[in-house]
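This report refers to the structure that appears directly beneath it.
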Amino acid sequence: MILFIDTHDSLITIALKKDSKIYVKTKESEYSHSIYVMPMIEEIFTENNLNIKNLKQIIVVNGPGSFTGIRIGLSIAKTIAYALNIKINTISSLTAYLVSSDIDDNKMAIIEDNKGYYVSVFTKDNKELIKEFYSNENEYAGKYKEVQHNINVDKIISYIGKAESENPHHVSANYIKKIEVEK
1442 MILFIDTHDS LITIALKKDS KIYVKTKESE YSHSIYVMPM IEEIFTENNL
1492 NIKNLKQIIV VNGPGSFTGI RIGLSIAKTI AYALNIKINT ISSLTAYLVS
1542 SDIDDNKMAI IEDNKGYYVS VFTKDNKELI KEFYSNENEY AGKYKEVQHN
1592 INVDKIISYI GKAESENPHH VSANYIKKIE VEK
């Protein structure tokens, strides 16, 4: 069983894949991720008569996105992975958007904030063409097809596949731009 946690945006997505079945719960939450994420995880297990002890892997979106939302999702994912001694893998929100897309061409994911743009470009085969970066200008506008901000959990799980698991202690947020403290 694989648990997917995405808290990088106002839409919280919690999903569980068991065999070929995928169970998904979503909730809009501007500023209350901490209130909803754990109950959503508990509900997805309870409603489907599944036991968290049977988890084998966690996939968590590590940003870019909401600073607090990302930290909540990562903290929960790391705690569960450590407590159950299971695999944990991260995926950036840009990569999640790109691999979720049905665009059969080179494609670009963009997240805009109040000072600039987070950008990543993949080939139609979901290979990285341009590594994620942050810029004050959208210099790639119009050069690639822009993907929608949609998440397809099944495609993300397939993309992660048998990737090397990460040490829960070393899992960290994906802040493409440096925060003020680091400058």
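In our numbering, the protein residues as written are 1442 to 1624.
Beta carbons: idealized from backbone N, C-alpha and C, even for Gly.
Predicted model, so just to flag it, every value in this text is computed and none were measured.
- The region 1528-1535 and the region 1577-1587 do not touch, with fewer than three beta-carbon pairs separated by less than 8 Å.
- Apart from the 5 residues on each side of it in sequence, Asp1450 sits with its Cβ closer than 6 Å to the Cβ of Gly1506 in its chain, given in chain order.
- When DSSP states are grouped into helix, strand and coil, Met1549 belongs to the strand group.
- Fewer than three Cβ pairs drawn from the region 1486-1497 and the region 1539-1546 lie within less than 8 Å of each other, which leaves the two stretches out of contact.
- Between Gly1504 and Ser1475, the C-beta spacing is not below 8 Å.
- Between the region 1586-1594 and the region 1546-1561 there are three or more C-beta pairs closer than 8 Å, enough to call the two in contact.
- Lys1466 carries a strand assignment under DSSP once its states are collapsed to helix, strand and coil.
- One Cα belongs to Glu1605, the other to Lys1466, and the distance between them is close to 27 Å.
- Under the three-state reduction of DSSP output, Glu1488 falls in the helix class.
- Annotation for Ile1517: the continuous alpha helix (DSSP H) segment containing it runs Phe1508 to Leu1525.
- Straight across, the Cα-Cα distance linking Gly1602 with Ile1443 is about 11 Å.
- Lys1572 is the residue among Gly1557, Tyr1558 and Lys1572 whose C-alpha sits nearest the C-alpha of Thr1564.
- Membership of Tyr1581 in any alpha helix (DSSP H) is not indicated, and neither H nor E is assigned to it by DSSP.
- Rounded to the nearest whole angstrom, the C-alpha separation of Leu1457 and Lys1596 is 13 Å.
- The beta carbon of Met1481 sits closer than 8 Å to the beta carbons of Ile1453, Ile1455, Lys1466 and Lys1468 from its chain, once the five residues preceding and following it are set aside; these are given in chain order.
- Collapsing the DSSP output to three states places Thr1536 in a helix.
- In this structure Ser1599 is exposed. Its beta-carbon is surrounded by fewer than 16 other beta-carbon atoms within 10 angstroms.
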